[in-house]
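Residue numbers (our numbering): 51 to 345.
To start, the structure itself, in C-alpha cells.
Written out as C-alpha cells, the structure reads:
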C-alpha cells in the first residue's frame with residue numbers, strides 16, 4: 051500500500067468521499083489519454099477469477115483499476131455501465147504517460163485489465179470488448195460445473211438472496227430465467243439479476259460461452275484454463291498467464307485463495323443428477339478444445 055493510500059485508509063469517511071470524488075473527476079477529465087485495458091479475466095463464476103486477478107496485481111508489470119481500491123476488480127462496464135460511454139470506461143485505467151514511465155522503470159510495457167465472472171456468461175460482452183480494443187486478450191477459468199453450481203448456490207445463500215434449498219433452486223431455474231435472454235438481446239442496457247444470480251445449472255454449460263467468445267476473439271487472444279489447475283499449481287498457472295500476457299514470470303509472494311467461502315456438502319442426489327446432466331456437455335467442450343477429459 052502506498053503512503054497516500056495509507057493516509058486515505060486512516061481518514062474520516064467524509065474525507066475519503068471527497069478524495070474519491072476529486073479522483074474520479076480527474077480520471078474522467080483525462081479519459082481520452084487512457085488506453086483501454088489489455089486483458090479481461092472473464093470467468094467463470096466461482097472459478098478463481100478473484101484469486102487470479104489478485105495474483106496478477108502482485109506483479110509489478112500489471113496495473114489494476116484506477117484508482118486502485120482494495121477488493122475492486124471490475125467496472126461492470128460491458129453489462130451495467132455501457133451507457134456511460136467509452137471515455138468513462140477508459141477513465142478506470144492508467145494514462146499513457148503513466149504507462150510509459152512505468153515501462154522505463156520495468157524495461158517492458160506494463161499491462162492493465164479487469165476481471166468479472168459475468169463477462170463470460172453474458173453473450174453481449176464479447177463483441178463489445180472486441181470493439182473497444184481489437185487486441186485485447188481474455189482469460190477464461192473453467193471449473194468442474196458440478197462443484198461450480200454448488201459453490202454459486204452457497205454464495206447466494208450466504209448473501210441472503212436465495213431462500214430455496216438447492217434442489218428447489220435447480221428446479222426453479224428455468225422459470226426464473228424465462229425471457230431474460232430475450233430481454234437482454236432487445237435492450238442493451240438491461241442487466242438481468244436472475245440471469246446473473248440464479249443460473250446455477252445453465253452457467254456450467256461452457257461450450258456455447260467459449261464459442262461465443264471465439265466468434266469475436268481469435269484463438270491466440272483467448273486463454274482457456276481449468277480452475278482446478280490454478281488451485282493445484284498456482285505458480286505454474288500464473289506463469290502460463292504471464293506468458294500469455296507478454297510479461298515476464300515472477301514468483302508470487304502469496305498464493306492463498308481469495309474470495310473463498312465455507313463449504314458444506316452437496317446433497318448426493320443433486321450431485322448425481324448434475325454429474326449426469328453435464329457429462330455430454332463436458333465431453334463436447336473437451337472435443338472442441340482438443341483436450342482429454344476435463345472433469
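Ideal Cβ placement from N, Cα and C applies to all residues, glycine included.
Candidates the options: closest to residue i by CA position
i, options, result
"residue 191", "158, 253, 74", "253"
"residue 314", "294, 261, 205", "205"
"residue 319", "143, 152, 241, 217", "217"
"residue 251", "202, 72, 122, 120", "202"
"residue 44", "94, 193, 151", "Shown here, the chain extends from 51 to 345; a query on residue 44 therefore has no answer."
"residue 100", "306, 337, 341, 156", "306"
"residue 291", "303, 73, 276", "276"
"residue 215", "150, 317, 182", "317"
"residue 311", "231, 198, 298", "198"
"residue 247", "107, 227, 88", "227"
"residue 281", "97, 92, 87", "97"
"residue 146", "180, 162, 338", "162"
"residue 128", "238, 335, 338, 340", "238"
"residue 117", "144, 83, 208", "144"
"residue 74", "337, 338, 137", "137"
"residue 270", "259, 293, 287", "293"
"residue 335", "258, 184, 126", "258"
"residue 298", "142, 106, 263", "106"
"residue 132", "288, 181, 186, 114", "181"
"residue 82", "141, 130, 95", "141"
"residue 184", "264, 224, 287", "264"
"residue 200", "213, 220, 232", "220"
Burial state of residue i, where buried means 16 or more other Cβ atoms lie within 10 Å
i, result
"residue 249", "buried"
"residue 110", "exposed"
"residue 211", "exposed"
"residue 296", "exposed"
"residue 139", "buried"
"residue 85", "exposed"
"residue 87", "buried"
"residue 93", "buried"
"residue 151", "exposed"
"residue 72", "exposed"
"residue 168", "buried"
"residue 170", "buried"
"residue 135", "exposed"
"residue 121", "exposed"
"residue 337", "exposed"
"residue 261", "exposed"
"residue 149", "buried"
"residue 222", "exposed"
"residue 236", "exposed"
"residue 340", "exposed"
Proximal residues to residue i (C-beta, below 8 Å), its chain only, five neighbours per side dropped
i, result
"residue 333", "343"
"residue 234", "172, 173, 174, 240, 242, 245"
"residue 285", "301, 302, 305"
"residue 208", "311"
"residue 80", "141, 145"
Beta-bridge pairing of residue i - partner residues as DSSP gives them
i, result
"residue 294", "Residue 294 pairs with nothing; no bridge assigned."
"residue 162", "113"
"residue 89", "163, 187"
"residue 192", "276"
Contacting residues, own chain, Cβ-Cβ under 6 Å from residue i (five flanking each side not counted)
i, result
"residue 177", "266"
"residue 52", "Low confidence applies here, because residue 52 scores a pLDDT of 49, under 50, leaving its location unreliable; read the following figure in that light. The answer is none, since no qualifying residue turns up."
"residue 159", "153"
"residue 156", "111"
"residue 331", "255"
"residue 189", "91, 273"
Same chain, Cβ closer than 7 Å to residue i, neighbours up to 5 away in sequence not counted
i, result
"residue 124", "164, 165, 166"
"residue 196", "321, 324, 325, 328"
"residue 308", "100, 101, 104"
Residue i: first and last residue of the uninterrupted beta strand (DSSP E) it sits in
i, result
"residue 274", "272-276"
Enclosing alpha helix (DSSP H) for residue i [first to last residue]
i, result
"residue 140", "136-140"
"residue 260", "257-264"
"residue 332", "318-339"
"residue 12", "This structure does not reach residue 12, given that the chain is present from 51 up to 345, and the question cannot be answered."
"residue 177", "175-182"
Heavy atom of the ligand ADP within 6 Å of residue i beta-carbon
i, result
"residue 96", "The ligand ADP is absent from the structure shown, which contains no ligands of any kind."
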